[in-house]
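Protein chains in written order, with the numbering used here: chain A, 9 to 321; chain B, 295 to 486. Ideal Cβ placement from N, Cα and C applies to all residues, glycine included.
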């Protein structure tokens with residue numbers, strides 16, 4: 009197993025399957041009277057969130073607590089970061105507190121790599137979303153949710169729709185799903201596909217209507233208005249009409265196909281409320297599965313012996 | 295599968311194992327009067343196979359279907375930090391354990407640490423009326439105050455020896471051997 013989880017692309021098929029299998033066992037903990045395992049007792053997990061987040065931070069917090077770890081939540085707002093402290097100094101402070109794992113979300117792509125490759129902290133680094141780069145635990149929980157509904161993902165067709173350009177979820181999913189043998193199709197307006205998408209292990213399409221029939225799962229991405237500093241599409245209504253998932257489009261999916269969304273949703277924009285609340289939607293289940301997957305990641309990274317091989321992160 | 299070394303000595307063959315399990319089944323029923331309030335849980339991996347065999351025998355004696363469950367203790371072990379994180383085994387509790395008599399089943403009872411972990415795991419699942427322990431082999435060298443209620447065979451061993459249990463369900467797929475228990479000389483004296 010790898011020491012840090014920085015990119016979904018770092019996971020081999022065996023590693024990814026191990027995380028998913030472990031999560032499968034840990035999912036049962038949520039339905040027990042005592043939703044807690046003593047495994048990470050005495051270990052410290054720091055949630056280092058430089059960007060706003062509700063579900064990811066809460067999910068990691070719940071995961072760490074269910075494994076009995078001590079959790080320290082750190083968000084940039086109201087901390088020394090707003091006084092101008094650098095990532096390095098923040099990391100050194102955390103190291104001095106003895107963090108065994110650092111879960112980091114940062115607005116800058118590559119910040120978790122910087123943290124992992126520096127000697128600033130000795131803990132395992134888990135990327136909880138960096139800029140527009142990657143969000144590997146989201147990809148793992150998406151793959152986990154798909155696997156529970158569709159079985160082995162080998163040969164399955166997954167369609168990912170929307171703002172791929174700003175989506176770390178799309179990139180991590182593309183890499184992980186490719187590792188697991190699925191065929192990924194990215195559907196977006198040309199302006200919302202990243203430069204260099206040709207090098208990704210995916211197909212691309214500009215038409216959602218052409219990509220519905222074959223899909224085993226459709227993942228709608230949030231239109232990330234906060235990252236958009238230019239007009240990527242003429243109007244919200246036009247986007248919604250061409251790339252939004254409504255009941256009519258959902259009706260053209262195969263019977264077993266599921267609808268996913270990493271959240272938070274813009275209801276009425278990329279997905280209509282009817283679809284989001286339909287029984288094909290596994291969006292709420294994704295959140296439940298997120299805790300189990302993150303427990304698996306934390307357990308596999310910090311639950312065993314310290315692999316204190318300095319320097320070869 | 296490694297070939298059985300020359301120093302290995304077979305202490306139980308498939309017949310012995312079968313007879314021991316039949317006797318344990320009857321002892322469990324005798325001690326608990328009947329099977330109604332019993333939950334049989336095996337500790338992965340070989341304990342689960344043994345638990346299923348015991349449940350099978352019990353079903354025949356009692357004339358109704360009795361299913362054994364599985365209780366993975368990995369997350370409760372006290373030696374997690376000594377080895378890299380291991381894969382988890384499947385936990386499957388067939389019935390509510392509250393107020394029941396739980397019979398834990400394992401292949402070899404050695405230090406008692408696995409059973410300690412199992413007791414902790416069990417207390418997070420519910421509150422059994424009582425917990426009993428059935429093992430195929432008790433090899434001694436306890437490190438905790440734990441004893442078995444039902445023992446297939448007491449096997450006095452030295453710490454330099456290793457007890458290997460091989461069962462058709464988990465081990466014979468490759469080797470095609472019958473069930474057996476062997477004692478092997480080892481340098482470290484470690485066992486399941």
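Residue i versus residue j: straight-line alpha-carbon distance, rounded
i                      : j                      : result
residue 374 of chain B : residue 51 of chain A  : 13 angstroms
residue 71 of chain A  : residue 393 of chain B : 30 angstroms
residue 111 of chain A : residue 384 of chain B : 28 angstroms
residue 310 of chain B : residue 349 of chain B : 18 angstroms
residue 60 of chain A  : residue 417 of chain B : 38 angstroms
residue 79 of chain A  : residue 68 of chain A  : 9 angstroms
residue 462 of chain B : residue 345 of chain B : 14 angstroms
residue 282 of chain A : residue 267 of chain A : 12 angstroms
residue 54 of chain A  : residue 86 of chain A  : 16 angstroms
residue 306 of chain B : residue 453 of chain B : 19 angstroms
residue 323 of chain B : residue 329 of chain B : 6 angstroms
residue 294 of chain A : residue 26 of chain A  : 19 angstroms
residue 94 of chain A  : residue 88 of chain A  : 9 angstroms
residue 301 of chain A : residue 64 of chain A  : 12 angstroms
residue 228 of chain A : residue 81 of chain A  : 30 angstroms
residue 16 of chain A  : residue 223 of chain A : 22 angstroms
residue 233 of chain A : residue 97 of chain A  : 31 angstroms
residue 123 of chain A : residue 115 of chain A : 14 angstroms
Chain B contact for residue i (CB, 8 angstroms cutoff)
i                      : result
residue 73 of chain A  : no
residue 29 of chain A  : yes
residue 329 of chain A : Residue 329 of chain A lies beyond the residue range present for chain A, which begins at 9 and ends at 321; the question has no answer from this structure.
residue 251 of chain A : no
residue 14 of chain A  : no
residue 307 of chain A : yes
residue 279 of chain A : no
residue 47 of chain A  : yes
residue 131 of chain A : no
residue 346 of chain A : Residue 346 of chain A cannot be examined here, being either before or after the span of chain A that is shown, 9 to 321.
residue 41 of chain A  : yes
residue 26 of chain A  : yes
residue 164 of chain A : no
residue 44 of chain A  : yes
residue 261 of chain A : no
Any C-beta of chain A under 8 angstroms from that of residue i
i                      : result
residue 377 of chain B : yes
residue 385 of chain B : yes
residue 409 of chain B : no
residue 348 of chain B : no
residue 336 of chain B : no
residue 328 of chain B : no
residue 362 of chain B : no
residue 345 of chain B : no
Under 8 angstroms between C-beta atoms of residue i and residue j
i                      : j                      : result
residue 167 of chain A : residue 203 of chain A : no
residue 245 of chain A : residue 274 of chain A : no
residue 396 of chain B : residue 333 of chain B : yes
residue 3 of chain A   : residue 257 of chain A : This structure gives no information on residue 3 of chain A, because the portion of chain A shown stretches from 9 to 321.
residue 165 of chain A : residue 143 of chain A : no
residue 75 of chain A  : residue 45 of chain A  : yes
residue 264 of chain A : residue 291 of chain A : no
residue 212 of chain A : residue 381 of chain B : no
residue 261 of chain A : residue 220 of chain A : yes
residue 337 of chain B : residue 367 of chain B : yes
residue 140 of chain A : residue 24 of chain A  : no
residue 370 of chain B : residue 415 of chain B : yes
Residue interval of the beta strand (DSSP E) (run including residue i)
i                      : result
residue 165 of chain A : 165-169
residue 399 of chain B : 395-403
residue 78 of chain A  : 78-83
residue 444 of chain B : 444-448
residue 55 of chain A  : 52-57
residue 113 of chain A : 109-114
residue 191 of chain A : 191-195
residue 227 of chain A : 225-228
residue 102 of chain A : Segment 95-104 is the alpha helix (DSSP H) holding residue 102 of chain A; no beta strand (DSSP E) there.
Cutoff 8 angstroms: residue i Cβ touching any chain D Cβ
i                    : result
residue 9 of chain A : Although the question refers to chain D, the structure presented lacks it and instead comprises the protein chains A and B.
For residue i, the first and last residue of its enclosing alpha helix (DSSP H)
i                      : result
residue 42 of chain A  : Per DSSP, residue 42 of chain A belongs to no alpha helix (DSSP H) and is neither H nor E.
residue 156 of chain A : 144-158
residue 311 of chain B : 308-326
residue 310 of chain A : 291-310
residue 460 of chain B : Premise fails: residue 460 of chain B lies in the beta strand (DSSP E), 455-460, not in any alpha helix (DSSP H).
residue 255 of chain A : 255-259
residue 417 of chain B : 407-419
ask   = Does the segment 119-136 of chain A come close enough to the segment 148-165 of chain A to have 3 or more Cβ pairs within less than 8 angstroms?
value = Because the criterion of three Cβ pairs below 8 angstroms is not met, the segment 119-136 of chain A and the segment 148-165 of chain A do not touch.
ask   = Does the segment 416-431 of chain B come close enough to the segment 306-324 of chain B that 3 or more CB-CB pairs lie under 8 angstroms?
value = At 8 angstroms Cβ cutoff, the stretches touch.
Inter-stretch contact (C-beta, 8 angstroms, three-pair minimum) for the segment 404-419 of chain B and the segment 434-443 of chain B = Cβ pair count under 8 angstroms is three or more, so yes.
task = Decide if the segment 302-314 of chain A is in contact with the segment 33-40 of chain A; the criterion is three or more beta carbon pairs, one per stretch, under 8 angstroms apart.
result = These segments touch.
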